[in-house]
Amino acid sequence: MNPSERGEGKGPPEGRLAYLGTLAGGLAHEVKNPLSTMLINLGLLREDLQAAPENPERILKRVGILEREVKRLDQLVQSFLRLARGFDLAPKPTDVNGLLRELVEFVEPEARRQGVAIRCSFEESLPSLRLDRGLLRQAILNLLVNARQAMPKGGDLLLRTSLDGASAVVEVTDTGAGMSPEVLARCFDAYFSTKKGGTGLGLSMARRIVEEHGGSIEVWSEVNRGTRFAVRLPVHGGSPPSP
Ligand SMILES: Nc1ncnc2c1ncn2[C@@H]1O[C@H](COP(=O)(O)OP(=O)(O)O)[C@@H](O)[C@H]1O
Ligand SMILES: [Mg+2]
Numbered sequence: 037m038n039p040s041e042r043g044e045g046k047g048p049p050e051g052r053l054a055y056l057g058t059l060a061g062g063l064a065h066e067v068k069n070p071l072s073t074m075l076i077n078l079g080l081l082r083e084d085l086q087a088a089p090e091n092p093e094r095i096l097k098r099v100g101i102l103e104r105e106v107k108r109l110d111q112l113v114q115s116f117l118r119l120a121r122g123f124d125l126a127p128k129p130t131d132v133n134g135l136l137r138e139l140v141e142f143v144e145p146e147a148r149r150q151g152v153a154i155r156c157s158f159e160e161s162l163p164s165l166r167l168d169r170g171l172l173r174q175a176i177l178n179l180l181v182n183a184r185q186a187m188p189k190g191g192d193l194l195l196r197t198s199l200d201g202a203s204a205v206v207e208v209t210d211t212g213a214g215m216s217p218e219v220l221a222r223c224f225d226a227y228f229s230t231k232k233g234g235t236g237l238g239l240s241m242a243r244r245i246v247e248e249h250g251g252s253i254e255v256w257s258e259v260n261r262g263t264r265f266a267v268r269l270p271v272h273g274g275s276p277p278s279p
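Counting in the numbering used here, the sequence shown runs from 37 upward without gaps.
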């Protein structure tokens with residue numbers, strides 16, 4: 037991939053208040069759609085109850101839509117709080133290759149259905165790292181899901197681990213749609229999504245989790261060629277010892 041098309045994960049903006057402001061603005065914007073859907077469906081539900089209370093089918097359909105939108109709102113608020121407050125890490129010695137093997141098993145059936153072949157190349161001498169296993173799992177899963185979604189007509193997904201000085205590196209490479217320079221520049225922004233129904237929170241969450249572990253994420257991408265994310269995690273220290 038062309039190194040000039042390489043974008044780098046930026047840390048949270050200098051000013052914490054500015055960052056919170058951007059985040060809150062994004063939340064307010066994202067909340068509008070589900071709220072208006074709920075309002076419309078509540079109006080229709082009222083009409084159905086007045087006009088045809090004996091027809092539970094229609095009424096249940098409206099309730100189903102309301103439930104879906106309430107869940108979406110709940111997820112939006114929870115993700116917002118996690119990004120705004122940060123995480124309470126519970127770091128424990130973790131076998132990263134083992135965690136990745138579990139994740140591959142988890143995503144493989146769906147990938148196979150889509151014609152995506154997953155290949156693994158693990159550095160077996162990787163030492164165990166002090167990590168919050170559940171959160172790191174979430175971060176890497178977000179990268180794997182994006183990679184699969186970038187290959188709707190199939191392709192290759194390569195998952196690789198390596199040691200680079202004092203860092204363990206986890207790379208997720210796909211042969212999918214890739215990103216234009218404009219998308220690449222914004223892909224880590226909270227609520228930025230090019231997908232229908234996308235939350236735009238997967239990468240901002242992944243970056244936040246990795247940075248709280250003292251690591252970093254880099255990305256390289258080229259349209260119609262593919263994308264590579266590299267997660268670097270410190271082998272020693274990085275996360276404070278638990279009290
Ligand atoms: N592997 C990838 N290949 C191509 N584009 C990607 C990839 N990963 C992320 N992107 C781009 O970055 C955007 C933000 O990703 P993300 O934060 O996970 O949100 P979402 O997946 O909900 O859109 C995506 O909408 C997509 O445009
Ligand atoms: Mg995503």
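All residues carry an ideal CB built from backbone N, CA and C; glycine is no exception.
Computed from a prediction, not measured in an experiment: that's the story for all the values here.
Check whether residue i and residue j have beta carbons under 8 Å apart
i, j, result
"ALA204", "HIS272", "no"
"VAL259", "ILE253", "no"
"GLY212", "GLY191", "yes"
Proximity test, residue i beta-carbon vs ligand 2 heavy atom, cut-off 7 Å
i, result
"GLY238", "yes"
"VAL181", "yes"
"ASN260", "no"
"ASN178", "yes"
Where residue i falls, given that 16 or more other Cβ within 10 Å makes a residue buried
i, result
"ASN69", "exposed"
"GLU93", "exposed"
"ARG121", "exposed"
"GLY134", "exposed"
"CYS223", "buried"
"HIS249", "buried"
"THR209", "buried"
"THR230", "exposed"
"PHE265", "buried"
Reduced DSSP category for residue i - H, G, I as helix; E, B as strand; rest coil
i, result
"THR263", "strand"
"LEU162", "coil"
"GLY191", "strand"
"LEU269", "strand"
"LEU199", "strand"
Residue i beta carbon near ligand 1 (any heavy atom closer than 7 Å)
i, result
"LYS231", "yes"
"THR211", "no"
"VAL219", "yes"
"GLY62", "no"
"PHE116", "no"
"GLY214", "yes"
"ALA234", "Note that residue 234 corresponds to Gly in the displayed sequence, not to Ala. Correct: GLY234 has its Cβ closer than 7 Å to ligand 1."
"THR197", "no"
8 Å contact criterion, which residue i and residue j should meet: CB distance rounded
i, j, result
"ILE95", "LEU139", "Their Cβ separation, rounded to whole angstroms, is 41 Å, which puts ILE95 and LEU139 out of contact at 8 Å."
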